[in-house]
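Chains as they are written, first to last, in my numbering: chain Z, 310 to 639; chain R, 310 to 639.
Protein chains: 2
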Amino acid sequence: MATIRDVAKHAGVSVATVSRVLNETGYVHEDTRRKVETAISELHYTPNEVARSLYKRKSRLIGLLLPDITNPFFPELARGVEDEMQENDLRIIFGNSDENIKKEKEYIQTFVQNNVVGVIASTNHPDTDTYRKLNIPVVFLDRTADNRPSVYADGREGGRIAAHEMIARGSRQITVMQGPKHIRPAQDRYQGAVDVLSDQGITYNIIVTSSFSFTEAGTWAKELFEQHPDTDGVIASNDIVATAVLHEALRLGKKVPEDVQIIGFDDIPLSSLLTPSLTTIRQPAYDMGRAAAGLLIQLIDNKNIEHNTIQMPVTFTERETTRKVEQQHG
Amino acid sequence: MATIRDVAKHAGVSVATVSRVLNETGYVHEDTRRKVETAISELHYTPNEVARSLYKRKSRLIGLLLPDITNPFFPELARGVEDEMQENDLRIIFGNSDENIKKEKEYIQTFVQNNVVGVIASTNHPDTDTYRKLNIPVVFLDRTADNRPSVYADGREGGRIAAHEMIARGSRQITVMQGPKHIRPAQDRYQGAVDVLSDQGITYNIIVTSSFSFTEAGTWAKELFEQHPDTDGVIASNDIVATAVLHEALRLGKKVPEDVQIIGFDDIPLSSLLTPSLTTIRQPAYDMGRAAAGLLIQLIDNKNIEHNTIQMPVTFTERETTRKVEQQHG
DNA sequence: TTTATATGTGTAACCGGTTCCACATTGAGG
DNA sequence: CCTCAATGTGGAACCGGTTACACATATAAA
């Protein structure tokens with residue numbers, strides 16, 4: 310690999326001049342610029358980011374930490390982040406945390422060691438020193454911590470909507486699936502749904518789903534209908550679980566939505582391709598990723614931020630696992 | 310951030326000694342080691358990877374280039390890569406290429422600029438200078454190029470199996486969906502299926518699906534049944550498309566698998582949760598990711614590699630979108 | 001006692017960029 | 001003609017690690 314000194318020698322100038330050409334800083338005579346540019350292209354020179362990063366104490370990398378890219382909600386988020394970053398000449402160091410504090414810490418550490426200019430993290434522990442002591446901007450994604458920069462959807466409201474719609478559509482024996490205890494957004498949804506259900510005096514059962522994995526989703530679906538066979542409405546903790554519930558309901562010969570209605574959460578891409586297609590509370594994952602990236606970039610550029618917590622809207626996405634209602638609702 | 314000089318000063322030794330302690334190289338007196346370690350923990354020192362990378366001319370980063378993390382096949386791959394890398398203290402710079410040569414080139418360039426020690430790429434153009442001229446190891450994943458390190462599944466064989474099984478189960482008006490022309494594995498599958506169909510003298514139709522996106526998948530499914538309403542067997546280009554076809558078939562009131570059988574490709578996690586669950590040609594995506602990462606690490610460590618192209622098995626995964634056969638088949 | 005070897009430590013060069021500063025040179029304005 | 005600002009360029013320090021090399025001391029072997 311050619312270095313800046315090779316280019317300088319080849320062009321008959323000093324490294325400082327080459328650097329000026331590269332960065333378009335300071336004064337460079339037009340003729341000199343051309344000589345340097347010729348040398349650069351002849352030697353196929355590309356500047357070493359590592360050297361630049363060392364001196365500047367900042368790279369063009371950001372760290373992205375997600376729980377598990379294998380959960381279909383996160384690729385959308387990641388893609389949003391990536392697209393925004395890519396457009397801003399920023400690259401991503403990526404890691405899966407598995408909601409595991411140790412792994413999380415290790416990743417954050419290596420992010421810092423690599424001089425990343427910022428971090429986007431989907432963590433359950435935004436309030437630990439791991440993040441507090443970072444002296445680079447952090448944006449929490451799909452999570453919040455009071456007054457820290459974050460982009461998230463209103464899970465509580467989503468849960469409320471789900472319960473309302475479920476009731477409006479006639480279900481009275483509702484089972485709410487409570488997502489993993491340590492995952493905030495999952496608890497928010499759950500809480501929102503339960504709030505409304507209690508308010509309205511509707512009886513409901515609870516099934517705890519302690520992960521969002523595909524393999525286990527089926528187990529909880531089975532558990533649901535074994536323990537609460539008279540369920541006529543399921544508010545699932547996310548679309549994966551909802552899909553498993555739908556699958557199990559159909560396997561048991563139940564008609565959906567006639568016998569049992571199902572509402573999921575997230576609106577992952579496959580939800581609309583199910584049969585019946587899944588009614589769900591949509592989170593705009595891709596846009597959330599983009600928004601988080603945009604916010605992070607602003608923070609990096611030291612822009613004055615008015616709103617550093619961005620709450621994205623959740624929307625009731627009516628499909629075929631719920632019945633129709635005549636009257637308007639909201 | 311504390312530097313190695315801060316630590317040296319604090320411990321009353323030279324930076325060389327601190328470096329020796331950090332890297333466990335050369336001789337260090339036990340007492341000295343302790344002093345240094347105390348200083349390190351008191352100052353919360355962590356070495357700067359960028360400085361190390363600059364001198365060593367190699368980082369602890371690898372580049373991972375995938376077409377689109379949003380396609381459910383790739384998160385599995387990515388996760389396999391990540392897990393293996395994580396266990397070997399390597400981190401990942403990640404990018405989506407969108408099968409776009411320019412984007413691909415840009416990413417590879419920034420990988421190099423960041424001193425990555427290796428690259429894993431899922432590219433349609435492994436034979437370009439972009440990869441030939443790299444002087445770091447590259448492993449092609451889900452793609453091959455003759456004699457270059459690669460991990461892939463036998464798409465052709467997968468296509469053959471799909472056709473065989475489809476015929477064995479009685480479909481005679483088969484539609485083969487041909488994936489994007491520029492994606493090698495998609496063409497291999499297609500070719501494998503067509504080979505068998507021609508051999509056996511079975512009539513078949515073709516529907517070209519020029520992408521793997523969720524939104525467009527529905528369009529092709531519609532097109533399929535409009536243009537070839539008598540189709541009684543569909544060999545889809547992947548599971549996303551297969552899911553869309555299943556959805557459309559059911560919407561049209563067709564019985565699956567009685568009226569029309571469907572075989573997908575990939576076995577993405579959601580396939581087993583569909584109703585009916587999707588029969589598919591499985592690629593072991595996670596394992597492929599791990600294998601690619603393992604191979605890359607061997608190459609980085611300059612191990613003598615016997616087999617640098619790893620072909621993973623594809624397996625017929627029988628579920629509910631195909632009928633049962635009595636007799637044994639192969 | 002002498003010599004060779006193992007052990008222990010520090011100085012400084014080096015990796016490949018960026019930038020401060022010094023030092024021309026040129027041209028405009030007085 | 002003189003002064004000053006604008007333009008143009010190079011030398012060298014610097015970023016924070018790693019390591020070659022020099023040097024000192026301790027220990028074992030002869």
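Heads up, the beta-carbon is just placed ideally off N, CA and C, and yes, glycines get one too. All values derive from a computational prediction rather than experimental measurement.
From residue i to residue j, what does the alpha carbon distance come to, in whole angstroms?
i                  : j                  : result
Ala-545 of chain Z : Gly-335 of chain R : 59 angstroms
Val-643 of chain Z : Phe-449 of chain Z : In this structure chain Z extends from 310 to 639, so residue 643 of chain Z is not present and cannot be described.
Val-634 of chain R : Arg-478 of chain R : 6 angstroms
Arg-343 of chain R : Ile-349 of chain R : 10 angstroms
Val-503 of chain R : Asp-548 of chain Z : 36 angstroms
Gly-404 of chain Z : Asn-380 of chain Z : 14 angstroms
Gln-422 of chain R : Lys-490 of chain R : 32 angstroms
Ile-492 of chain Z : Phe-523 of chain Z : 17 angstroms
Thr-393 of chain R : Pro-376 of chain Z : The question names Thr, but residue 393 of chain R in the sequence shown is Glu. Distance between the alpha carbons of Glu-393 of chain R and Pro-376 of chain Z is about 17 angstroms.
Leu-386 of chain Z : His-319 of chain Z : 46 angstroms
Asp-398 of chain R : Asp-451 of chain Z : 27 angstroms
Gln-395 of chain R : His-556 of chain R : 39 angstroms
Asn-617 of chain Z : Gln-607 of chain Z : 10 angstroms
Ile-313 of chain R : Glu-408 of chain R : 43 angstroms
Phe-382 of chain R : Glu-351 of chain R : 46 angstroms
Phe-574 of chain R : Ala-530 of chain R : 15 angstroms
Gly-598 of chain R : Glu-391 of chain Z : 20 angstroms
Asn-332 of chain R : Ile-614 of chain R : 28 angstroms
Gly-562 of chain Z : Ala-454 of chain R : 49 angstroms
Arg-329 of chain R : Ser-520 of chain Z : 44 angstroms
Val-327 of chain Z : Ile-401 of chain R : 31 angstroms
Leu-579 of chain R : Gly-527 of chain Z : 11 angstroms
Ile-417 of chain Z : Asn-456 of chain Z : 21 angstroms
Asp-340 of chain R : Pro-356 of chain R : 21 angstroms
Lys-301 of chain Z : Ala-325 of chain R : Look at the range of chain Z in this structure, 310 to 639, and you will see that residue 301 of chain Z is not part of it.
Lys-612 of chain R : Ser-459 of chain R : 16 angstroms
Find out if the Cβ-Cβ distance for the pair residue i, residue j is shorter than 7 angstroms.
i                  : j                  : result
Phe-420 of chain R : Gly-372 of chain R : yes
Ile-619 of chain R : Ala-602 of chain R : no
Lys-367 of chain R : Asn-424 of chain R : yes
Gln-592 of chain Z : Ala-462 of chain Z : yes
Ile-515 of chain Z : Gln-482 of chain Z : no
Ile-577 of chain R : Ala-551 of chain R : no
Arg-632 of chain R : Pro-566 of chain R : yes
Ile-378 of chain R : Pro-384 of chain Z : yes
Ala-594 of chain R : Leu-582 of chain Z : no
Val-569 of chain R : Ile-590 of chain R : no
Val-485 of chain R : Tyr-440 of chain R : no
Leu-605 of chain R : Pro-446 of chain R : yes
Ala-311 of chain Z : Tyr-364 of chain Z : no
Thr-588 of chain R : Thr-630 of chain R : yes
Ser-362 of chain R : Val-359 of chain Z : yes
Ser-406 of chain R : Lys-412 of chain R : yes
Phe-625 of chain R : Ile-511 of chain R : no
Asp-539 of chain Z : Ser-480 of chain Z : no
For my contact list, residue i and residue j are in at a C-beta cut-off of 8 angstroms; report their separation, rounded to the angstrom.
i                  : j                  : result
Gly-389 of chain R : Ile-609 of chain R : That pair is no contact at about 17 angstroms.
Val-543 of chain R : Leu-533 of chain R : 7 angstroms
Ile-476 of chain Z : Gln-509 of chain Z : 6 angstroms
Ser-431 of chain Z : Leu-374 of chain Z : 7 angstroms
Val-316 of chain R : Val-345 of chain R : 7 angstroms
Asp-438 of chain Z : Arg-465 of chain Z : Incorrect: roughly 28 angstroms between the Cβ atoms, too far for contact.
His-473 of chain R : Val-505 of chain R : 6 angstroms
Every unbroken beta strand (DSSP E) within the stretch 477-510 of chain Z, with a cutoff of 3 residues, ordered by chain: 483-487
The stretch 593-608 of chain Z: positions lying closer than 7 angstroms to chain R by Cβ: none
Residues from the stretch 325-359 of chain R in contact with chain Z, defined by Cβ distance under 9 angstroms: His-353, Thr-355, Pro-356, Asn-357, Glu-358 and Val-359
Cβ-based contacts, 9 angstroms cut-off: residues of the stretch 378-412 of chain R near chain Z: Ile-378, Thr-379, Asn-380, Pro-381, Phe-383, Pro-384, Glu-385, Ala-387, Arg-388, Glu-391, Asp-392, Gln-395, Asp-398, Arg-400, Ile-401, Ile-402, Phe-403, Gly-404, Asn-405 and Lys-412
Proximal residues, the stretch 504-528 of chain Z versus chain R, C-beta separation under 8 angstroms: Phe-523, Ala-526 and Gly-527
Short-range partners of chain Z found in the stretch 566-586 of chain R, where Cβ spacing is below 8 angstroms: Pro-578, Leu-579, Ser-581, Leu-582, Leu-583, Thr-584 and Ser-586
Runs of alpha helix (DSSP H) wholly within the stretch 593-624 of chain R (minimum 4 residues, chain order): 594-609
Contact residues within the stretch 421-438 of chain R, judged by C-beta distance below 9 angstroms to chain Z: Val-421, Gln-422, Asn-423 and Asn-424
Length at least 4, wholly inside the stretch 398-474 of chain R: the alpha helix (DSSP H) runs in chain order: 410-422 and 438-441
Contact set between the stretch 530-541 of chain Z and chain R, restricted to residues whose Cβ is under 8 angstroms from the partner: none
Residues in the stretch 554-566 of chain Z having any Cβ partner in chain R nearer than 8 angstroms: Leu-555, His-556, Leu-559 and Arg-560
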